[in-house]
Amino acid sequence: MDLLSIDSLSDEQIATLLERGEHWFEENRARRPAEPLKGRLVLNLFYEHSTRTAMSFAAAAHRLGASPLFLPVEQSSVKKGETFEDTARTLGAMRPDCLVLRHRENGAPARMAGMVECPVINAGDGTNEHPTQALLDALAIRLRFRRIEGLKVAILGDIRHSRVAHSNALLLPRLGATVRLAGPAMLMPDELLATPSVDEAIEGADVVMMLRVQRERLAEELGDAPGEYLERYGLTPERLARAAPGAVVMHPGPMNRGVEIADEIADDPERSLILLQVEAGVALRMACLELLLA
Ligand code: CP
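Each residue of the sequence shown is one higher than the one before, starting from -10 at the first, in my numbering.
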């Protein structure tokens, strides 16, 4: 079994991942050692930069007794012109128990899954999907609210290019949440241009999920003025006041502080779940490795 997309998972598998994720969250907090995957080898292959996903997959493998190894792509034979296919087959020949892949091209994890015998996990492919991010987001919401069903989730920002938004828009409605997507018109997919404004989408939301924006994409519209983006589309205390009482704030990271999110919101110990998302990420990825390898 591979973990390539949200739609590749059954409802039962999603429920298992969230239940086991919650179990591993508690075990990690208590720092209780576990070794169900002792002796197993997890190869991590990241063609794009990463802090959270790369380190949490490594931590998850360690916590389960498996050995995570990283191919440093910048120092590898990729830089000598080796093709993706040859790299995939080369790593597959080392008989790993799992390959974790982040790649700039949509569909690269699915291509790799067709070339190796072990399970492949999509750690983010282009603008397509980031399924384990959506699953860890769901786990963080569940840890905070003890439910997902019936919650209103506003996902705001660069919807067009966000693999996080795409995976969450597939996952959260399956778990009973209502999802509203909004952002600047130039960053919305064509089929969603008629959706509400950021202010309308945030109205009454229980969860406000901000997305990372890239300043270079906004230079033309906003004159390269990050403060202007914050004013027009970002999460300020005034805008957050439109959300439901007790609403929480999420961000997959890395954040552009002062662009899509104001500092005081990102660092609000009551309302910001951003570090809880990171903690849930280790636990959820333990559940993924357990499901695929155990
Ligand atoms: N959320 C996320 O994918 O962060 P990284 O790019 O740091 O892995």
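Quick reminder that beta carbons are idealized off the backbone N, C-alpha and C, glycines included. Because the structure is a prediction, the values reported are computed rather than measured.
In this structure, Ala102 and Leu(-7) form a Cβ contact; the two beta carbons are roughly 6 Å apart against a cut-off of 8 Å. Under the DSSP definition of a beta bridge, Asp114 partners with His92 and Glu118. Here Gly172 is not near Gly193, since their CB atoms are 7 Å or more apart. If you check the C-beta of Gly193 against the ligand CP, you find no heavy atom less than 6 Å away. As DSSP reads the structure, Ala269 sits in no beta bridge. The ligand CP approaches Gln122 closely enough that one of its heavy atoms is under 6 Å from the residue's Cβ. Under the three-pair Cβ rule at 8 Å, the segment 226 to 233 does not count as touching the segment 263 to 276.
Within the same chain, Cβ atoms closer than 6 Å to the Cβ of His92 are found at Tyr36 and Asp114, the five residues on either side in sequence being excluded. Secondary structure in the segment 145 to 179: the alpha helix (DSSP H) runs of 4 residues or longer, each lying completely within the stretch, are 152 to 163 in chain order.
Taking 6 Å as the cut-off, the C-beta of Thr42 counts as close to a heavy atom of the ligand CP.
Out of Ala174, Ser151, Met177 and Gly139, the CA that lies nearest to the CA of Leu161 is found in Gly139. Put simply, the backbone Cα of Trp13 is about 12 Å away from that of Pro25. DSSP assignment within the segment 51 to 79 yields the following whole beta strand (DSSP E) runs of 3 residues or more, N-terminal first: 56 to 60. In terms of side-chain proximity, the C-beta atom of Pro61 is found no nearer than 6 Å to any non-hydrogen atom of the ligand CP. Contact check for Tyr222 against Val248 fails: the beta carbons are separated by 7 Å or more.
According to DSSP, Cys87 shares a beta bridge with Val31. DSSP links Leu124 through a beta bridge to no other residue.
In this structure, Leu170 is the residue among His155, Val153 and Leu170 with its C-alpha nearest to the C-alpha of Ala143.
DSSP, read as helix, strand or coil, puts Ile250 in strand. Our two residues, Glu106 and Glu11, have alpha carbons roughly 29 Å apart in a direct line.
In the DSSP annotation of this structure, the continuous segment of the alpha helix (DSSP H) that includes Met101 starts and ends at Ala97 to Ala102. In the displayed model, Ser261 falls within a strand according to three-state DSSP. In the structure shown, the three-state DSSP call for Ala49 is helix.
Around the CB of Asp(-4), fewer than 16 other CB atoms lie within 10 Å, so the residue is classed as exposed. Shown here, Ala230 sits in coil according to DSSP, grouped into three states, outside any helix or strand. When the beta-carbon positions are compared, Met199 and Ala49 stay at least 7 Å from each other.
DSSP, reduced to helix, strand and coil, places Met44 within a helical segment of the structure shown. By the beta-carbon neighbour count (other beta carbons within 10 angstroms, threshold 16), Asn95 is exposed. If you check the CB distance, Leu176 and Arg149 come in under 7 Å.
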